[in-house]
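So the sequences go chain by chain: C and G.
Sequential numbering from 126 applies to the first sequence in the working numbering.
Sequential numbering from 2 applies to the second sequence in the working numbering.
C-beta: ideal position from N, C-alpha, C; glycine also.
The next block holds one structure in the form of structure tokens; read it before the comments.
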Amino acid sequence: MKLLSRREIVLLVSLLLISGALFLLLFLLRGSGEGEWDAVIAYRNKTVARLPLEVDTVYLFECEEGVNRIVIEGGAVRVESADCKNQVCVEHGTLVPAEADLDFISCAPHRLLITLERRGKE
Amino acid sequence: MHRRSVLRRAAFSLALVFLFCLCAMLPSCGLMRQRSFSRTVDGPFDTAALIRIYADKEDDANAFLDLFESELREWDKLADIYYEYEGLNNLRTLNLAAGVAPVALDPRLLDLLEYGLSAKEATGGRVDLLLGSVLSLWHECRTAGQNDPEHARVPTEAELSEAAKIASAATLVIDRAAGTAFLPIAGSSVDVGAVAKGYATEAICRKLESLGFTDFAANVGGNLRVSGSAAGTSWQFSVRDPNGSKTIGQIERTGKTAIATSGSYQRYYTVDGVRYHHVIDPDTNYPAAFGWVSVSVLCDDAGVADVLSTALFCLDYDAGVSLISGGSSPVSALWINESGETFAVGAFAEGGGK
């Protein structure tokens with residue numbers, strides 16, 4: 126006596142195959158959606174640079190108001206030093222993707238704003 | 002026969018549960034997720050703003066961002082006490098007409114002024130929009146001191162006592178029927194610095210919610226307000242320790258939530274090695290000296306959060322706790338003092354802190 130008929134076996138295998146395909150799809154999509162962030166540097170409401178967060182780098186932002194040394198390190202961005210009056214941008218510390226929805230670094234004296242955005246999705 | 006049926010059911014049930022679980026995971030993956038659209042706006046309220054919305058369509062997102070930005074710029078002009086704009090009566094117009102004549106104002110501005118008066122009452126005068134004469138003295142000295150640190154000075158006792166005399170006599174007459182406001186005492190002035198950003202943020206968010214927009218967030222110079230969710234997940238709020246730039250309070254929320262922070266670390270100037278910040282205590286007419294470097298307030302209204310964060314900055318811990326207790330909707334607060342100690346009530350206490 127068989128426990129499952131041929132038809133039932135086909136149905137079960139199909140269900141498992143669909144599940145497997147879905148799992149693979151989810152795995153691939155999750156993999157591609159994470160880790161791809163850019164630090165977006167804006168001056169006077171205009172984007173002047175997009176820097177990939179996964180590449181450690183130093184970006185020297187220069188404008189007529191002054192200079193900000195922007196550092197990308199370990200998947201986070203920060204202003205390491207600036208010749209602005211209040212140093213609020215430096216004291217802000219690092220900006221990480223987990224806080225990107227609501228947080229940004231601002232250097233009001235230099236009219237500089239730094240935000241994080243998902244690459245290609247915004 | 003019975004055993005076969007049980008096994009068959011079990012096999013199919015397991016397969017279906019497996020499939021269901023996978024489907025439930027779909028919204029959290031990139032395919033089903035709404036996209037995030039954001040914009041930074043530099044300038045309004047002498048600060049910067051980050052506006053974000055999660056949406057399916059770019060057109061909807063841009064409509065939202067355009068509306069938010071234009072409303073924010075409009076509010077900035079209305080509440081401006083330093084500049085005049087052609088064809089617009091704003092708070093500067095009102096202040097310049099003090100002791101002279103009532104000024105016709107936009108109904109939204111009358112709402113803001115009424116809100117400011119109620120905030121003064123609710124905070125026992127800690128947040129006082131009629132303190133303009135005192136605040137403008139400090140503002141002038143701070144701006145001059147920042148531009149020319151060598152000649153920085155604090156207002157003299159005589160200047161402060163004269164300004165305080167005017168502020169304590171000041172009244173504001175709002176005539177809704179005529180659509181006007183009037184400061185009867187010459188030299189008196191309104192300053193909505195502790196009210197306007199939060200109030201405007203709340204007003205804009207409510208307007209956009211009434212138009213059907215949801216799943217958005219705004220950070221207007223530290224006044225945070227969210228609506229709905231971030232593509233099905235919670236919004237992450239965090240409060241930084243100004244002493245060391247590390248994150249202290251972390252809170253996850255969905256739905257209408259607001260946070261505002263008042264701090265001594267962003268707007269200040271230095272005279273003879275002493276730092277003078279911008280939050281003025283109405284009792285002393287000097288920068289509030291309760292030892293706080295930052296006070297954050299979380300509730301469901303950005304206007305309330307803004308007012309309360311300033312009020313708590315001008316109170317000790319116990320008086321602050323009693324001010325925020327017993328309201329109709331829950332208020333959470335996080336205080337950080339000069340030694341880096343934190344004191345928390347409500348959601349902040351649940352998420353860490355003392």
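Check	Outcome
Counting C-beta neighbours from all protein chains within 10 Å, is the total for C/S231 16 or more, i.e. buried, or is it exposed?	buried
Helix, strand or coil for C/E247 per DSSP?	Unreliable positioning characterises C/E247 in this predicted model, as indicated by a pLDDT of 47, which lies under 50. The coordinate reading is nonetheless provided below. It is coil, neither helix nor strand.
Determine whether the Cβ of C/F186 lies closer than 8 angstroms to any Cβ atom of chain G.	no
With a cut-off of 8 angstroms, does the C-beta of C/S231 fall near any C-beta of chain G?	yes
Looking at chain G, is there any beta carbon in it that lies within less than 8 angstroms of the beta carbon of C/N193?	no
Quick check on G/A204: does DSSP put it in helix, strand or coil?	helix
Cβ atoms of G/F183 and G/V104: under 8 angstroms apart, would you say?	yes
Kindly provide the ranges of any alpha helix (DSSP H) runs that are 4 or more residues long and lie completely inside the region 279–329 of chain G, ordered along the chain.	303–314, 318–325
So, are the CB atoms of G/I167 and G/G100 less than 8 angstroms apart?	no
Excluding sequence positions up to five away, which residues of its chain have a Cβ less than 6 angstroms from the Cβ of G/G353?	Note that G/G353 scores 45 on pLDDT, short of 50, meaning its location in the model is unreliable and no value can be drawn from it.
Between the region 216–241 of chain C and chain G, which residues of the former have CB atoms less than 8 angstroms from a CB of the latter, in chain order?	E216, H217, G218, T219, A223, E224, D226, L227, D228, F229, S231, A233, R236, L238, T240
Using a beta-carbon distance cut-off of less than 9 angstroms, what residues from the region 217–233 of chain G approach chain C?	A218, A219, N220, G222, L225, V227, A231
Run through chain C and tell me which residues come within less than 9 angstroms of G/R143, C-beta to C-beta.	Simply none; closest approach about 11 angstroms.
Taking its Cβ as the centre, do 16 or more other Cβ atoms sit within 10 Å of G/G328, making it buried, or is it exposed?	exposed
Taking Cβ positions, are G/R226 and G/A204 nearer each other than 8 angstroms?	no
By Cβ distance below 6 angstroms, which residues in the same chain neighbour G/H278 in space, the five residues on each side in sequence not counted?	S265, Y269, P288
Quick check: C/V165 and C/R175, are their CB atoms within less than 8 angstroms of each other?	yes
Can you have a look at G/A49 and say buried or exposed, based on whether 16 or more other CB atoms are within 10 angstroms of its CB?	buried
List the residues of chain G whose Cβ lies closer than 7 angstroms to the Cβ of C/A201, in chain order.	Here the premise fails: no neighbours, minimum Cβ distance about 12 angstroms.
Report the rounded CA-to-CA distance for G/Y83 versus G/C142, giving the unit in angstroms.	15 angstroms
Here's the rule: buried if 16 or more other CB atoms are within 10 angstroms of the residue's CB, otherwise exposed. What is G/N224?	buried
Give me, in chain order, the residues of the same chain whose beta-carbon lies closer than 8 angstroms to that of C/T172; leave out the 5 immediate sequence neighbours on both sides.	V165, I166
Suppose the cutoff is 7 angstroms on Cβ atoms and the five residues either side in sequence are ignored; what does the same chain contact list for G/V280 look like?	S263, S265, P288, A289, T311, F314, C315
For a cutoff of 8 angstroms on Cβ pairs, would you count G/Q147 as touching chain C?	yes
Are C/V213 and C/S206 closer than 8 angstroms when you measure CB to CB?	no
Can you check whether the C-beta of C/R175 is within less than 8 angstroms of a C-beta belonging to chain G?	no
In angstroms, rounded to a whole number, what distance separates the CA positions of G/D1 and G/L17?	Outside the shown range of chain G (2 to 355) lies residue 1 of chain G, about which nothing can therefore be said.
Under a CB-based cut-off of 8 angstroms, is C/L129 close to chain G?	yes
Just to confirm the assignment, what range does the beta strand (DSSP E) spanning G/T41 have?	36–43
Consult DSSP for C/C214 and reduce its assignment to one of helix, strand or coil.	helix
Beta-carbon separation of G/D307 and G/V196 under 8 angstroms?	yes
In chain order, what residues of the region 161–174 of chain C put their CB closer than 7 angstroms to some CB of chain G?	A167, R169, N170
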